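Just add 1 to the spot in the sequence shown (first one is 1) and you have our numbering.
The structure under discussion appears below in the form of structure tokens.
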Amino acid sequence: MKTTLKNLHSTVEINHKGAELISFKNKFNKEYIWEGNPEFWGKHSPVLFPIVGTLKNNSFVYNDTTYQLLRHGFARDVNFQLISKTNEEAVFSLLANEETLKIYPFLFELQLKYTLIENELQIAYSIYNKDNVVLPFSIGAHPAFALPKDFESYTLAFNQSENLISYQLENDLISDSTIEHQMSENKLPLTYSLFENDALIFKNLNSKKITILENNIPLLQIKFDDFPHFGIWTKKEAPFICLEPWLGYSDTIHSNGKIMDKEAIQFIEANETFDLVFSIEIL
Numbered sequence: 002m003k004t005t006l007k008n009l010h011s012t013v014e015i016n017h018k019g020a021e022l023i024s025f026k027n028k029f030n031k032e033y034i035w036e037g038n039p040e041f042w043g044k045h046s047p048v049l050f051p052i053v054g055t056l057k058n059n060s061f062v063y064n065d066t067t068y069q070l071l072r073h074g075f076a077r078d079v080n081f082q083l084i085s086k087t088n089e090e091a092v093f094s095l096l097a098n099e100e101t102l103k104i105y106p107f108l109f110e111l112q113l114k115y116t117l118i119e120n121e122l123q124i125a126y127s128i129y130n131k132d133n134v135v136l137p138f139s140i141g142a143h144p145a146f147a148l149p150k151d152f153e154s155y156t157l158a159f160n161q162s163e164n165l166i167s168y169q170l171e172n173d174l175i176s177d178s179t180i181e182h183q184m185s186e187n188k189l190p191l192t193y194s195l196f197e198n199d200a201l202i203f204k205n206l207n208s209k210k211i212t213i214l215e216n217n218i219p220l221l222q223i224k225f226d227d228f229p230h231f232g233i234w235t236k237k238e239a240p241f242i243c244l245e246p247w248l249g250y251s252d253t254i255h256s257n258g259k260i261m262d263k264e265a266i267q268f269i270e271a272n273e274t275f276d277l278v279f280s281i282e283i284l
């Protein structure tokens, strides 16, 4: 099933599977979200929960029990319930159930609220700890933006001065190796060579806004005040770029496997809630 939001400026479609954003068009019917061609990558904008990235051995230990949890968690692959809807806002919910408890032994509710305001789409996450124990989690976005022109026609403009250092992956885990990326006037030109070793992973950015420029003309902007970590990714020759606000990231090569010790893991106290939001704006 799909849900559509619409105003005079833009139209959004959300798939109930994964509560995944699958389309964001302007009033001229121009599409800004990657089409999901499986020849390159068959998703559009998956929600990463309750982990971001990969765990060492695809598992974690909690209370001396080992649980298997695959890359990016399970939220992107399960059906959410639509719990409220207007022309310009929709709220989706995922509740812990018998299947999730087998791989993530916590009682939770994850809500996603999509709000369309003119040409801007706000995406809010609310994680409710419905348990009587502390809930460990990570959460992230993975939107893929369509780049219909030649890949090197595009540049990423950061809104703050950056010492742009990304962490390298080693067997899908974050290593101690880093690369410093050269920028000019806070802009990073896109080339496929940037992604020869998979994603660019940033533990810290000064910027909280990144703009995609097409031949130096602003195309789209993502704002992520609530997210301290960030990923940028594409595949070789693929006509898209993923700009990924994260709260958390893959295990490091030094991980001991215990979820409560995981680097960058977040915690919610019993019966408390954690809220955060980012936005995508067509320029």
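Where is the CB? At the ideal position from N, CA and C, for every residue including glycine.
This one's a predicted model, so the numbers in the text were calculated from it and none came from an experiment.
What three-state label does DSSP hand residue i in the structure shown?
i           : result
residue 276 : strand
residue 63  : strand
residue 265 : coil
residue 75  : coil
residue 260 : helix
residue 195 : helix
Within its chain, find whatever has a CB closer than 6 Å to the CB of residue i; leave out the 5 residues flanking it on each side and keep chain order.
i           : result
residue 10  : 28, 119 and 120
residue 180 : 167
residue 190 : 156
residue 251 : 54, 55, 174 and 175
residue 327 : Shown here, the chain extends from 2 to 284; a query on residue 327 therefore has no answer.
residue 23  : 14, 16 and 45
residue 265 : 249 and 250
residue 216 : 154
residue 18  : 80
Go through its chain and collect everything with a Cβ distance to residue i's Cβ below 7 Å, but skip five positions before and after it.
i           : result
residue 198 : 169 and 170
residue 71  : 59
residue 162 : 187 and 207
residue 57  : 174, 252, 256 and 258
residue 184 : 163 and 165
residue 148 : 155, 240, 241 and 242
Excluding the 5 residues preceding and the 5 following residue i in the sequence, name in chain order all residues of the same chain whose CB lies nearer than 8 Å to its CB.
i           : result
residue 214 : 155, 156, 157, 158, 188 and 220
residue 90  : 6, 114, 115, 116 and 117
residue 193 : 152, 235, 237 and 238
What is the residue span of the beta strand (DSSP E) that residue i lies within?
i           : result
residue 100 : Looking at the DSSP string, residue 100 is not in any beta strand (DSSP E); the run it does join, the alpha helix (DSSP H), is 99–104.
residue 16  : 11–16
residue 56  : Looking at the DSSP string, residue 56 is not in any beta strand (DSSP E), and its letter there is neither H nor E.
residue 219 : 218–224
residue 25  : 21–27
residue 177 : 174–181
residue 80  : From DSSP, residue 80 is part of no beta strand (DSSP E); its letter is neither H nor E.
residue 114 : 109–118
residue 7   : 3–7
residue 92  : 90–96
residue 168 : 166–171
residue 159 : 155–159
residue 44  : Residue 44 -> no beta strand (DSSP E), and no H or E assigned at all.
residue 201 : 201–203
residue 213 : 210–215
Would you list the one or two residues that DSSP bridges to residue i?
i           : result
residue 229 : Per DSSP, none; premise fails for residue 229.
residue 145 : 243
residue 69  : 60
residue 126 : 113 and 277
residue 185 : 188
residue 49  : 141
residue 254 : The partner list for residue 254 (beta bridge, DSSP) is empty, contrary to what the question assumes.
residue 236 : BP columns for residue 236 are empty, so no partner.
residue 86  : 91
residue 248 : 140
residue 270 : Per DSSP, none; premise fails for residue 270.
residue 121 : 118 and 282
residue 36  : Residue 36 is not bridged to any residue.
Query raised in the report: Do the region 205–214 and the region 222–231 make contact, defined as three or more Cβ pairs closer than 8 Å?
Result: Segments in contact, yes.
Report task. Please confirm if the region 270–279 is in contact with the region 250–257, defined as three or more CB-CB distances below 8 Å between the two stretches. Result -> no
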